[in-house]
Amino acid sequence: MNTAQSTVQAPQLIDILRRSTAFLARNGVESARLDAEVLLANILGLDRIQLYVQHDRPLVPDELDQYRDALKRRARRMPVAYVTGRKEFMSLDFAVDSRVLIPRPDTEVLVEAVISRLAALGVDDPSVVDLGTGSGAIACAISQGLPGARLLATDISGDALEVAESNVARLGLSGRVLLAQGDLFQPTVGTEFEHMDVLVSNPPYVRSLDIPSLAPEISRYEPHLALDGGPDGLDFYRRIAEGAPSRLSGRGFVALEVGDGQVASVSEILEQAGLTDLEAICDYSGETRAVIGWMPGVRGGADVL
C-alpha cells in the first residue's frame with residue numbers, strides 16, 4: 003500500500019459558490035450569485051456574510067448532497083423561497099411553499115401605510131380584516147406592529163390557510179390573528195368582524211392572459227388563484243369596492259396593493275363606490291404600490307389623490 007497516496011480534499015465554500023453561481027447562470031437564473039449564497043447559507047445555518055468569513059470551510063457529503071438538490075430545483079426555476087421554505091417579511095420569518103404567494107418587499111409599503119394611519123387615528127383596538135391572506139404575512143405583520151389590533155385573515159383556499167395557521171402559531175399570534183376560510187367577505191358574516199375599521203388586501207391583479215408570460219418562477223410555481231385578476235386584472239378590486247362601504251366603520255378605510263399601471267383604475271373604482279380622500283402610497287423609489295380610500299368625513303378632505 004502506498005502511504006504517500008494523495009488525499010482528496012473536500013471542496014471549500016468559496017469554490018463551491020463559484021461553481022454553483024456558474025451553474026445557475028447557465029440555467030437562466032439572473033440573480034445566480036445571490037441565490038447560490040442564500041441556498042448555501044440556509045443549508046449551513048449561516049448568514050450570507052459568514053460564507054466569506056468561513057470561505058475555506060469544507061462541506062461534508064450530506065451538506066453537499068442537500069446543496070446539489072437545492073441547486074437543481076432552483077435551476078428548474080423554482081423560487082428560492084420555495085426551495086428554502088422560508089421568506090422574510092417585515093423582519094419576520096414566514097414559512098412558505100407552493101400553496102401560497104411569496105411575500106414581497108413591495109407589500110411592506112402597504113403594511114406600513116396601514117399601521118401608520120391607524121396610529122395617527124389613535125385607535126387602540128382596531129378591527130382589521132385581511133382578505134386573501136395567503137401565508138398570513140400581512141395580518142401577522144400588522145399584528146406585530148399594532149399589538150392591540152384585532153385581526154381576521156381570510157382566504158378561499160384551505161391549503162393557503164394551513165400555511166397561514168402555521169405562521170400565526172410560530173410567531174405566537176394565535177390569540178391575536180384569527181383565520182377563516184371563504185370568499186372575500188363571506189367569512190365575516192355573523193362575526194365581530196362583520197363591520198371593520200380596516201379592510202386590507204393584496205388581491206389577485208394580474209390579467210389572466212398575462213400569467214403565462216410572467217417569469218417562470220411565477221407562472222410555473224406560484225398559485226394562479228392568488229395571481230389571476232380576470233381579463234383586465236381588476237375583478238377583485240371591483241368586488242372589494244362593492245362590498246367595503248357597507249362594512250367599514252365610520253372611521254374606516256380600505257388599503258389595497260396595486261399592480262403597475264393600475265393606480266388610476268383602482269382609484270376610480272374606489273371613488274365610484276363612495277370612498278373618499280384617496281391616497282396613492284409610494285415606495286422609496288416613487289413607485290405607487292397601494293391605494294387607500296377612506297369612509298367619508300374621516301380625513302376631512304386631506305391628502306386627496
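Position one of the sequence shown corresponds to residue 3 (the working numbering), numbered consecutively onward. In this text, a Cβ means the ideal position worked out from N, Cα and C, and glycines have one as well. Quick caveat, the model's predicted, so the values are computed rather than measured.
If I'm right that residue 141 touches residue 121 with Cβ under 8 Å, what's the distance once you round it to whole angstroms? Your pair residue 141 and residue 121 does not check out as a contact, with CB atoms roughly 17 Å apart and the cut at 8 Å.
Using 8 Å for Cβ pairs, my map puts residue 143 next to residue 294. What's the rounded Cβ distance? Incorrect: roughly 17 Å between the Cβ atoms, too far for contact.
Assigned secondary structure, residue 5 (DSSP; H/G/I helix, E/B strand, else coil): Note that residue 5 scores 44 on pLDDT, short of 50, meaning its location in the model is unreliable and no value can be drawn from it.
Can you give me the C-alpha to C-alpha distance between residue 117 and residue 145, rounded to a whole angstrom? Each residue's Cα considered, the two are about 9 Å apart.
Please report the straight-line C-alpha distance between residue 303 and residue 109, rounded to a whole angstrom. Because the pLDDT at residue 303 is just 44, under 50, the model does not fix this residue reliably, and the point stays unresolved.
Taking the beta strand (DSSP E) that residue 250 falls in, what are its first and last residues? Its beta strand (DSSP E) spans residues 250-259.
Hey, residue 228 and residue 134 are a contact pair by Cβ (cut 8 Å); roughly how many whole angstroms apart? Between residue 134 and residue 228 the Cβ distance is about 7 Å, and since that is below 8 Å, they are a contact.
Starting from residue 91, trace the beta strand (DSSP E) both ways and give me its first and last residue. Looking at the DSSP string, the run of the beta strand (DSSP E) that includes residue 91 is 88-91.
In whole angstroms, what is the alpha-carbon distance linking residue 166 and residue 137? Near 4 Å, if we compare the C-alpha coordinates of residue 137 and residue 166.
Mind pulling the alpha helix (DSSP H) runs of 4 or more residues that sit fully within the region 175-205? None, since the region 175-205 contains no complete alpha helix (DSSP H) of that length.
Give the straight-line distance between the Cα atoms of residue 96 and residue 87, rounded to the nearest whole angstrom. Spanning the two alpha carbons is a distance of roughly 8 Å.
Give me whichever residues DSSP pairs with residue 145 in a beta bridge. Paired residue(s): none; residue 145 is not in a bridge.
Three or more C-beta pairs closer than 8 Å, one from the region 255-275 and one from the region 284-299: is that the case here? With a cut-off of 8 Å, the region 284-299 and the region 255-275 count as touching, because enough Cβ pairs lie within range.
Inter-residue spacing [alpha-carbon to alpha-carbon] between residue 188 and residue 105: Straight-line Cα distance between these residues: approximately 24 Å.
Could you tell me which residues DSSP pairs with residue 281 in its beta bridges? Under DSSP, residue 281 takes part in a beta bridge, and its partners are 294.
Alpha carbon to alpha carbon, how far is residue 287 from residue 64? Between the C-alpha atoms of residue 287 and residue 64 there is a straight-line separation of about 43 Å.
How many angstroms separate the CA atom of residue 320 from the CA atom of residue 35? Because the chain here runs from 3 to 307, residue 320 falls outside it and cannot be looked at.
Distance CB(residue 259)-CB(residue 112) smaller than 8 Å: Inclusion of residue 259 and residue 112 in the CB contact set at 8 Å is warranted, their separation being smaller than that value.
Return the chain-ordered list of same chain residues with a C-beta closer than 6 Å to the C-beta of residue 16, the five sequence neighbours on each side being excluded. The answer, listed in chain order, is 57.
For residue 37, is the classification buried or exposed, using 16 other Cβ atoms within 10 angstroms of its Cβ as the cut-off for buried? Looking at its Cβ environment, which holds 16 or more other Cβ atoms inside 10 Å, residue 37 is buried.
What's the call for residue 72, buried or exposed, on a 16-neighbour Cβ count within 10 Å? It is buried - the Cβ of residue 72 has at least 16 other Cβ atoms within 10 Å.
In the region 49-133, which residue ranges form an unbroken beta strand (DSSP E) of at least 3 residues, counting only runs that do not cross its ends? Listed in chain order, they are 88-91, 94-97, 129-133.
Could you tell me if residue 50 is buried or exposed, where buried requires 16 or more neighbouring beta carbons within 10 angstroms of its beta carbon? It counts as exposed.
Which two residues bound the contiguous alpha helix (DSSP H) that contains residue 19? Residue range 15-28 is occupied by the alpha helix (DSSP H) that includes residue 19.
How many angstroms separate the CA atom of residue 274 from the CA atom of residue 102? Roughly 31 Å between the two C-alpha positions.
Can you tell me the Cα-Cα spacing of residue 152 and residue 119, whole angstroms? When rounded, the separation of the alpha-carbon atoms in residue 152 and residue 119 is 16 Å.
Starting from residue 152, follow the beta strand (DSSP E) in both directions and report where the run begins and ends. Its beta strand (DSSP E) spans residues 152-157.
On the premise that residue 81 lies in contact with residue 207, defined as a C-beta separation below 8 Å, what is that separation, rounded to the nearest angstrom? Rounded, the Cβ-Cβ distance is 19 Å, inconsistent with contact.
Leaving out the 5 sequence neighbours to the left and right, which residues in its chain are closer than 8 Å to residue 43 when beta-carbon positions are compared? Take residue 43, set aside five residues on each side of it, and the residues of its chain with a beta-carbon closer than 8 Å to its own are 49, 50, 52, 53, in chain order.
Determine the contact status of residue 253 and residue 199, defining contact as a CB-CB distance below 8 Å. With respect to residue 199, residue 253 sits close: the two C-beta atoms are nearer than 8 Å.
Which residue wins for smallest C-alpha separation from residue 278, given the options 285, 170, 297? Considering only alpha carbons, the answer is 297.
How should residue 128 be labelled, buried or exposed, when 16 other C-beta atoms within 10 angstroms of its C-beta is the threshold for buried? It counts as buried.
Identify the continuous alpha helix (DSSP H) that holds residue 165 and give its terminal residues. Residue 165 -> alpha helix (DSSP H) spans 160-172.
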